[in-house]
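In the working numbering, the protein residues as written are 156 to 269.
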């Protein structure tokens with residue numbers, strides 16, 4: 156069982172890492188002070204995006220189901236939206252540099268830097 160858990164974590168973190176590297180390569184690393192919005196952040200991939208973005212100094216906003224809010228805030232999320240209310244769309248208008256849409260609600264897009 157432990158090996159399967161490691162493989163799941165590795166898969167989630169590699170997905171997040173490779174995506175963030177692509178963004179950084181395009182816009183210049185690191186993500187310091189970049190506003191990153193992660194939709195469905197309570198999933199394994201979503202949490203990996205949150206963790207890696209916070210570790211690079213990003214300002215992370217998350218949308219998730221309510222039961223994940225506390226854990227995400229502990230990871231360093233600075234603002235949280237309730238995914239079920241879809242009010243996280245408002246966060247896109249608040250100067251988001253990078254939208255990470257883990258479920259395809261909006262579509263992954265690189266937003267222009269301010």
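Cβ atoms here follow ideal geometry from the backbone N, Cα and C, with glycine treated the same way.
Between residue 207 and residue 171, the gap from beta carbon to beta carbon is short of 8 angstroms. In the DSSP assignment, residue 199 falls within the alpha helix (DSSP H) that extends over 199-210. Straight through space, the alpha carbons of residue 177 and residue 205 are spaced by roughly 16 angstroms.
Note on geometry: alpha-carbon atoms of residue 190 and residue 232 lie some 11 angstroms from one another.
For residue 218, the secondary structure class from DSSP, reduced to helix, strand or coil, is strand.
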